[in-house]
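Peer 1: Numbering (my numbering), first residue to last: 31 to 135. Just so it is clear, CB atoms sit at the ideal spot from N, CA and C, and this is done for glycine as well. Only a predicted model underlies this, so the values are computations on that prediction, with no experimental measurement involved.
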């Protein structure tokens with residue numbers, strides 16, 4: 031069965047701790063709704079650094095990726111359906127859904 035990565039891009043941080051708690055409660059409900067489809071449900075990113083082609087390292091990323099969720103479902107359409115229900119969209123973020131390619135080594 032195919033695996034998909036839902037990538038979190040952008041989003042506005044909560045303006046108050048209470049708003050943050052309310053949003054996180056919605057997010058946990060969404061994650062629970064994924065059930066066994068969630069392979070790796072919540073993976074926020076921090077301390078991002080970029081290794082450049084010349085070997086230098088800079089602080090920060092080149093994208094506004096803030097995390098990801100890995101799911102395993104039957105089709106891209108099903109993966110998109112899960113993404114459309116994600117409350118990350120409620121805070122002004124967007125989501126990219128990508129099918130993972132299984133590489134043979």
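#1: Could you work out which residue in 49, 66, 97, 62 is closest to residue 78 when comparing CA atoms only?
#2: Along the chain, where does the beta strand (DSSP E) that runs through residue 37 open and close?
#3: Residue range of the alpha helix (DSSP H) that residue 142 falls in?
#4: Hey, residue 64 and residue 112 are a contact pair by Cβ (cut 8 Å); roughly how many whole angstroms apart?
#5: Alpha carbon to alpha carbon, what distance is there between residue 122 and residue 25?
#6: Among the candidates 116, 73, 89, whose CA atom is the shortest distance from the CA of residue 100?
Peer 2: The short version:
#1: 97
#2: 33-40
#3: Look at the range of the chain in this structure, 31 to 135, and you will see that residue 142 is not part of it.
#4: 6 Å
#5: Because the chain spans 31 through 135 in this model, residue 25 falls outside it and cannot be assessed.
#6: 73
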